[in-house]
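Below you'll find the structure, written out as structure tokens, and then a few comments.
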Amino acid sequence: MSEHQTKKLDMNRRGMPKQLPEVRKHNFSEVALGYPLEIAVEEAKRCLQCKKSNCVSKCPVEINIPEFIQAIAEKDFSSGIRILKEKNCLPAVCGRVCPQEEQCEEACVLKKKGGQIAIGRLERFLADWEAEQTKLEMPKILPPTGRKVAVVGGGPAGLTVAGDLIKLGHGVTIFEALHRLGGVLFYGIPEFRLPKVIVSREVEYLKKLGVEIITDYVVGKTRTVDSLLEEYDAMFIGSGAGLPWFMNIPGENLNGIYSANEYLTRMNLMKGFLFPQYHTPIKKHRKVAVIGGGNVAMDCVRTAQRLGAEARIIYRRSRIELPARLEEIENAEEEGIIFDFLTLPIRYLGDENGWVKGIEVIKMELGEPDSSGRRRPIPIKGSETIFPVDAVVCAIGNSPNPLIPASTRGLEIGKNGNIIADEETGKTSRERVWAGGDVVTGAATVILAMGAGRKASRSIHEYLCSPGNW
Amino acid sequence: MHKLVESKMIVPNIFLLTLEAPAVAREVKPGQFVILRVEEDGERIPLSVADWDRVKGTITIVLMNVGYTTDKLASLKAGASIPTVVGPLGNPTEIDKFGTVLCLGGCYGMGSLFPIVRGLKEKGNRVVAVLEARSSYLFYWEKKFEEISDRVFYITRDGSRGYPGHVGRLPEIIKFSGESVDRMIINGCTFLLKRGSDVSRESGIKTIVSLNPIMIDGTGMCGVCRVTVGSSTKFACVDGPDFDGHQVDWKELLQRRKMYLEEEIVPLRTSRCEEHKKESR
Ligand SMILES: Cc1cc2nc3c(=O)[nH]c(=O)nc-3n(C[C@H](O)[C@H](O)[C@H](O)COP(=O)(O)OP(=O)(O)OC[C@H]3O[C@@H](n4cnc5c(N)ncnc54)[C@H](O)[C@@H]3O)c2cc1C
Numbered sequence: 046m047s048e049h050q051t052k053k054l055d056m057n058r059r060g061m062p063k064q065l066p067e068v069r070k071h072n073f074s075e076v077a078l079g080y081p082l083e084i085a086v087e088e089a090k091r092c093l094q095c096k097k098s099n100c101v102s103k104c105p106v107e108i109n110i111p112e113f114i115q116a117i118a119e120k121d122f123s124s125g126i127r128i129l130k131e132k133n134c135l136p137a138v139c140g141r142v143c144p145q146e147e148q149c150e151e152a153c154v155l156k157k158k159g160g161q162i163a164i165g166r167l168e169r170f171l172a173d174w175e176a177e178q179t180k181l182e183m184p185k186i187l188p189p190t191g192r193k194v195a196v197v198g199g200g201p202a203g204l205t206v207a208g209d210l211i212k213l214g215h216g217v218t219i220f221e222a223l224h225r226l227g228g229v230l231f232y233g234i235p236e237f238r239l240p241k242v243i244v245s246r247e248v249e250y251l252k253k254l255g256v257e258i259i260t261d262y263v264v265g266k267t268r269t270v271d272s273l274l275e276e277y278d279a280m281f282i283g284s285g286a287g288l289p290w291f292m293n294i295p296g297e298n299l300n301g302i303y304s305a306n307e308y309l310t311r312m313n314l315m316k317g318f319l320f321p322q323y324h325t326p327i328k329k330h331r332k333v334a335v336i337g338g339g340n341v342a343m344d345c346v347r348t349a350q351r352l353g354a355e356a357r358i359i360y361r362r363s364r365i366e367l368p369a370r371l372e373e374i375e376n377a378e379e380e381g382i383i384f385d386f387l388t389l390p391i392r393y394l395g396d397e398n399g400w401v402k403g404i405e406v407i408k409m410e411l412g413e414p415d416s417s418g419r420r421r422p423i424p425i426k427g428s429e430t431i432f433p434v435d436a437v438v439c440a441i442g443n444s445p446n447p448l449i450p451a452s453t454r455g456l457e458i459g460k461n462g463n464i465i466a467d468e469e470t471g472k473t474s475r476e477r478v479w480a481g482g483d484v485v486t487g488a489a490t491v492i493l494a495m496g497a498g499r500k501a502s503r504s505i506h507e508y509l510c511s512p513g514n515w
Numbered sequence: 009m010h011k012l013v014e015s016k017m018i019v020p021n022i023f024l025l026t027l028e029a030p031a032v033a034r035e036v037k038p039g040q041f042v043i044l045r046v047e048e049d050g051e052r053i054p055l056s057v058a059d060w061d062r063v064k065g066t067i068t069i070v071l072m073n074v075g076y077t078t079d080k081l082a083s084l085k086a087g088a089s090i091p092t093v094v095g096p097l098g099n100p101t102e103i104d105k106f107g108t109v110l111c112l113g114g115c116y117g118m119g120s121l122f123p124i125v126r127g128l129k130e131k132g133n134r135v136v137a138v139l140e141a142r143s144s145y146l147f148y149w150e151k152k153f154e155e156i157s158d159r160v161f162y163i164t165r166d167g168s169r170g171y172p173g174h175v176g177r178l179p180e181i182i183k184f185s186g187e188s189v190d191r192m193i194i195n196g197c198t199f200l201l202k203r204g205s206d207v208s209r210e211s212g213i214k215t216i217v218s219l220n221p222i223m224i225d226g227t228g229m230c231g232v233c234r235v236t237v238g239s240s241t242k243f244a245c246v247d248g249p250d251f252d253g254h255q256v257d258w259k260e261l262l263q264r265r266k267m268y269l270e271e272e273i274v275p276l277r278t279s280r281c282e283e284h285k286k287e288s289r
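In structure tokens, the structure reads:
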């Protein structure tokens with residue numbers, strides 16, 4: 046430890062090789078290529094191994110960050126991945142999509158001088174290293190307890206619960222509405238940011254551990270929660286926040302106006318970009334406007350550009366308020382995405398066949414901070430203009446899907462349609478039912494969904510060991 | 009995988025498919041639909057359920073061949089399997105004791121209308137069925153309708169059976185029959201739904217239509233199936249598919265249905281050519 050403190054600080058945060066913007070904006074392959082081994086080791090060696098590691102406390106699942114970084118520095122990658130996986134069952138995913146700049150890396154002591162350790166890239170490095178090994182280390186599985194758990198939804202929250210409980214010897218069945226598992230990781234986040242083979246690999250791993258997977262099964266429709274509880278000892282609901290919001294402005298139902306979910310689902314889940322080889326059609330658009338400024342909006346706008354359109358973001362606040370991951374904003378800028386900040390759509394104009402042909406917007410200025418702490422955008426009178434477009438993607442947010450709340454007795458629901466669950470245990474108002482992830486918090490992040498899954502699985506395990514003790 | 013137990017063309021271009029789908033068969037109610045995929049790289053399409061056998065665990069679908077996926081599905085032989093049949097989705101048609109209900113069906117909608125008629129009869133309603141087609145050879149299940157309805161009327165465009173013309177003849181039929189209709193339920197293509205609703209609006213009969221917009225997931229996730237009903241936007245998959253026909257914005261719905269017409273038709277033409285090429289090789 047002291048050795049680190051005395052040596053000269055290396056402030057050179059190692060860059061990660063990426064496809065060149067000019068090249069990548071025409072393809073769907075992954076943008077960031079990952080650290081080569083030597084660079085990863087160099088980056089890991091920069092870590093000061095702080096005694097009081099702020100990075101760990103800023104990690105929603107409390108990964109032992111200094112320890113896995115130390116393992117990389119010592120080129121002991123198999124120990125590194127083991128340490129990582131103790132706390133995070135989806136490191137290849139989190140290394141790619143976590144907003145590290147607001148979490149672990151934000152807390153790094155080297156941040157002050159702009160040299161924070163690239164924790165996310167190192168996490169990704171270890172996960173990718175493991176994927177290349179021919180022998181996958183299988184965890185210990187405890188003897189069967191005879192208890193059965195139903196997990197609703199195959200997103201990060203559900204996958205985490207399934208992975209935790211199967212290792213503890215419980216029987217686990219995942220019920221997923223779509224024909225693929227992964228939730229947003231599969232149908233939402235595009236290939237160029239999170240290759241689908243990674244998601245499939247994680248799902249295969251769970252299958253190998255013995256998790257039963259039933260796809261094309263809509264809980265609340267195919268079978269109700271009440272009915273499933275007759276067969277299962279416990280249930281975890283991780284059904285996400287899949288109901289898209291629209292702005293409710295005139296012309297929003299014109300042809301060519303998509304929800305982000307539809308646009309991305311056509312592309313990712315249904316592989317629309319390979320039409321007609323895959324049969325879900327996607328239109329070739331020339332000018333696409335994406336409304337919103339989060340990760341979802343960035344994914345949509347970059348997808349549109351890769352399909353050959355001139356693509357722009359329309360966002361009602363300014364650049365610093367963009368909620369997307371910093372790295373993706375930078376990537377989008379490098380790729381030549383047009384950003385219209387402080388701009389709010391007020392209506393859509395259609396042609397005689399009902400297709401959108403323009404979007405009327407109004408300019409905004411920033412006023413006093415609102416309840417979110419960000420300065421409230423206020424329209425500037427008389428600043429209306431019209432952009433010509435032939436497609437619009439609305440990426441302004443989602444709320445939880447109402448199918449389960451509407452069909453389940455005794456499940457307490459919040460005002461946004463979210464399931465109410467205890468923050469520490471994930472317990473809902475309904476006995477033997479836990480919930481976590483976006484369905485509880487509203488649209489949030491992968492790591493928070495996993496964190497909620499982890500807490501719930503702990504509580505479910507406790508319950509299953511002493512049933513009747515709700 | 010879901011096995012296709014039976015597949016036959018019942019009238020030109022309309023197919024009757026019976027599929028193994030025990031989980032759907034156990035729960036399905038009149039007016040609900042399934043989403044299905046024909047092959048691993050296939051799209052997801054919604055289809056109404058026309059009948060079911062809870063014991064055998066099968067569902068029956070009446071399919072009109074209109075695009076790439078329906079064509080694929082129609083060409084499958086009994087014994088083949090398809091990867092996805094998910095459901096039952098959507099809200100069931102409201103079935104209660106209404107009095108006299110006029111049930112209007114056309115093309116594939118005659119199929120999905122049938123269990124609704126059956127349900128209405130079980131509740132003790134008087135049911136007048138009106139079936140509409142271009143020509144007499146396009147009717148199917150007439151016997152089934154005649155057995156359970158109180159009366160059945162036919163309308164054909166070419167006059168080859170029943171009333172000549174289209175749903176515009178409905179007021180005459182009602183008048184002639186002497187029935188006082190308390191509610192109307194329409195299943196079929198969007199034009200039939202619209203014109204039927206136009207007709208009943210004048211006589212003030214409450215009219216329920218089963219909408220069939222484009223869908224992907226069928227659970228409210230994608231929002232492509234949105235329709236304007238009254239002054240608000242609804243998702244047909246989770247808020248419907250049944251709506252008050254007098255409140256639906258038909259112009260918008262008809263335009264939205266045409267969104268992928270071109271893409272649907274092009275592969276129908278080209279994929280066929282490729283198959284021929286393959287065969288001749
Ligand atoms: C385009 C996009 C980009 C994003 N980018 C990032 C990012 O870069 N970083 C980040 O941290 N977060 C990102 N997020 C957010 C993150 O993906 C979510 O917070 C996270 O996936 C939530 O996990 P979950 O398990 O709660 O739900 P989901 O991932 O939404 O999974 C829920 C699953 O449940 C299924 N389901 C729903 N209802 C039922 C039912 N009734 N029966 C059975 N199954 C059902 C759904 O089909 C789905 O598979 C992004 C989200 C989107 C949409």
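Chains as they are written, first to last, in our numbering: chain C, 46 to 515; chain F, 9 to 289.
Heads up, the beta-carbon is just placed ideally off N, CA and C, and yes, glycines get one too.
With K131(F) and D104(F) assumed to form a contact (beta carbons below 8 angstroms), what rounded beta-carbon distance in angstroms separates them? 6 angstroms
For chain F, is any of its Cβ atoms less than 9 angstroms away from the one on Y262(C)? yes
Using a C-beta cutoff of 9 angstroms, does T473(C) count as contacting chain F? no
Pick from S239(F), I193(F) and V246(F) that is closest to P447(C), judged by C-alpha positions: V246(F)
Which residues in the same chain as T215(F) place their Cβ atom closer than 8 angstroms to its Cβ, once the five residues preceding and following it in sequence are excluded? R191, M192, I193, I194, G204, S205, S208, R209, D252, G253 and H254
Check each candidate in G285(C), T348(C) and Y262(C) and name the one with the smallest Cα separation from V437(C). T348(C)
Quick one: Cα of T267(C) to Cα of I117(C), how far? 47 angstroms
What in chain F is Cβ-close to F291(C), meaning under 9 angstroms? Simply G231, R234 and T241.
Using a Cβ cut-off of 9 angstroms (strictly closer), state whether F82(F) contacts chain C. Looking at the sequence itself, residue 82(F) is Ala, so the reference to Phe does not match. Residue contact with chain C for A82(F): absent (no Cβ-Cβ distance below 9 angstroms to any residue of chain C).
CB contact below 9 angstroms: M72(F) versus chain C: no
One question on the structure: do A356(C) and V333(C) come within less than 9 angstroms of each other, judged by their Cβ atoms? yes
Quick one: which unbroken beta strand (DSSP E) runs of 3-plus residues sit fully inside the region 404-478 of chain C? Chain order, please. 420-424, 430-433 and 436-439
How should F184(F) be labelled, buried or exposed, when 16 other C-beta atoms within 10 angstroms of its C-beta is the threshold for buried? exposed
Within its chain, find whatever has a CB closer than 7 angstroms to the CB of C139(C); leave out the 5 residues flanking it on each side and keep chain order. Closer than 7 angstroms at Cβ, skipping near neighbours: N133, E168, V491 and I492.
Please say whether K193(C) and G216(C) have beta carbons closer to each other than 9 angstroms? yes
Distance cutoff 9 angstroms, beta carbons only. Does R134(F) sit that close to anything in chain C? It does not; no Cβ of chain C falls within 9 angstroms.
9 angstroms Cβ cutoff, D453(C) in contact with chain F: Reading off the sequence, residue 453(C) comes out as Thr, not Asp. Contact of T453(C) with chain F is not assigned, every C-beta pair being separated by 9 angstroms or more.
If you run the structure through DSSP and keep just helix, strand and coil, what is T179(C)? coil
Give the range of the alpha helix (DSSP H) segment to which E379(C) is assigned. Its alpha helix (DSSP H) spans residues L371 to E379.
With the cut-off set at 9 angstroms, would you say E140(F) and G113(F) are in Cβ contact? yes
Please go through the same chain and pick out, in chain order, the residues whose beta-carbon is closer than 7 angstroms to the beta-carbon of A497(C), but skip the five residues on each side of it. A202, G471, G481, G482 and V485
Taking Cβ-Cβ distances shorter than 7 angstroms, what residues in chain F pair up with A440(C)? For A440(C), none of the residues of chain F pass the 7 angstroms Cβ criterion, the least Cβ distance being about 12 angstroms.
Checking contacts by CB at 9 angstroms: is R370(C) closer than that to chain F? no
Measure the C-alpha to C-alpha separation of E429(C) and L352(C) and round it to an integer number of angstroms. Using only the alpha carbons, I get a separation of about 29 angstroms.
Using beta carbons (cut-off 9 angstroms, strictly below), is V225(F) in contact with chain C? It is Asp, not Val, that sits at residue 225(F) in the sequence shown. Answer yes: the Cβ-Cβ gap between D225(F) and chain C drops below 9 angstroms somewhere.
What does M20(C) reach in chain F if we use C-beta pairs closer than 8 angstroms? Since the first and last residues shown for chain C are 46 and 515, residue 20(C) lies out of range.
Excluding sequence positions up to five away, which residues of its chain have a Cβ less than 8 angstroms from the Cβ of T241(F)? R234 and V235
Y76(F): first and last residue of the uninterrupted alpha helix (DSSP H) it sits in: Y76 to A82
Sub-9 angstroms separation of V32(F) and V19(F) beta-carbons: no
According to the neighbour-count rule (16 or more other Cβ atoms, all chains shown, within 10 Å of its Cβ), is V68(C) buried or exposed? Exposed.
Please return the same chain residues whose Cβ sits closer than 6 angstroms to the Cβ of G337(C), not counting the five positions on each side in sequence. Excluding residues up to 5 positions away in sequence, A440 and I441 lie with their Cβ nearer than 6 angstroms to the Cβ of G337(C) in the same chain.
For C100(C) and A152(C), which I take to be in contact (beta-carbon distance under 8 angstroms), what is that distance rounded to the nearest angstrom? Under the criterion of beta carbons closer than 8 angstroms, C100(C) and A152(C) qualify as touching, at roughly 5 angstroms.
Quick one: what's got a C-beta closer than 6 angstroms to F291(C)'s C-beta in the same chain, skipping five residues either side? E297 and C439
Helix, strand or coil for Y262(C)? Go by DSSP, reduced to three states. Note: Y262(C) maps to coil in three-state DSSP.
Sub-9 angstroms separation of L201(F) and V189(F) beta-carbons: No.
Determine the contact status of L171(C) and I110(C), defining contact as a CB-CB distance below 9 angstroms. no
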